[in-house]
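Here's the structure, in structure tokens; my notes come after.
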Amino acid sequence: MTDRFLKIAITKPEIISSEADMISSLLVNGLDYVHIRKPEASLRDIRNLIEDIPYRLRKRLRLHGHFELFNDFNLGGAHLNSRCPVAPQAACRLSKSCHSIEELNGCEDYEYVTLSPIFDSISKAGYHSAFDINDLKDKIYSKNVIALGGVTPEKFGQLAAAGFAGAAMLGCIWEDIGSFLQKINKTICCNI
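Here is the structure:
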């Protein structure tokens, strides 16, 4: 189990203007990792995005695909999912997507796993919570499980109390990144 509550951002699936600057701001302002999840993006698109992020921050990037880029960049890890279930040959830290309690079994070798959807999704209409957060603590204890789905900074305390090792966010970030950064700074100041 991690000794602190991890805060993770996941990119929008499409390439957006000034994205490298926004990713850099997220990392500089207290997020632990940014997951680059762009299922339709080309290898060149992902390469260009990474090249525009300062070298010192790249170790905190996780890729959800195009794992061949590990040979060219000093990245923080790979996130395995149904689209890319096989770990890259390059030595790297691994995380994984899970969507049921049963999937958590056998995930001890991963640095962390995401479990979703914990709350109703902000970014995916009709993607509703699959869990009762009050029933999860005994099932996720000591497994380094990161909550995903409908997560906002205001829910960090509730998630920590339920036994989650951290929170991954997408929808609450990209609509108004300035407002999100203010909320994150407030939670960091409060030690959540």
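Residues 24 to 215 (the numbering used here) make up the sequence shown, in order. Here a beta-carbon is modelled for each residue, glycine too, at the ideal position from N, C-alpha and C.
Item	Value
Inter-stretch contact at 8 Å, needing at least 3 Cβ pairs: the stretch 159-179 / the stretch 118-128	yes
Contact check, ILE76 vs LEU84, beta carbons under 8 Å	yes
Under the three-state DSSP convention, the category GLY189 falls into	strand
Residue closest to GLY88, alpha-carbon to alpha-carbon, out of TYR78, ASN94, ALA101, LEU80	ALA101
VAL174, DSSP secondary structure in three states	coil
CA-to-CA distance, ILE46 to LEU72, given in whole angstroms	10 Å
Endpoints, the beta strand (DSSP E) within which CYS121 is located	117-121
Under 8 Å between C-beta atoms of LYS30 and ASP68	no
Under 8 Å between C-beta atoms of GLY173 and SER152	yes
CA-to-CA distance, LEU103 to PHE93, given in whole angstroms	14 Å
Sub-8 Å separation of GLY99 and ARG116 beta-carbons	yes
For ASP95 and ASP199, the rounded distance between their alpha carbons	32 Å
Inter-residue Cα distance where the pair is GLU37 and ILE141	23 Å
Same chain only: Cβ atoms within 8 Å of LEU66, ignoring 5 sequence neighbours per side	HIS89, GLU91, LEU92
Reference SER105, options GLN112, SER118, ALA114, closest by Cα	SER118
Exposure label - TYR178; buried when at least 16 CB within 10 Å	Here residue 178 is Lys; the residue named in the question, Tyr, does not match the sequence. Its Cβ being crowded by 16 or more others within 10 Å, LYS178 is buried.
Contact test: ALA184 Cβ vs the ligand MG heavy atom, cutoff 7 Å	The ligand MG is absent from the structure shown, which contains no ligand whatsoever.
Cβ of SER202 within 8 Å of any chain D Cβ	No chain D appears in this structure, which consists of one protein chain only.
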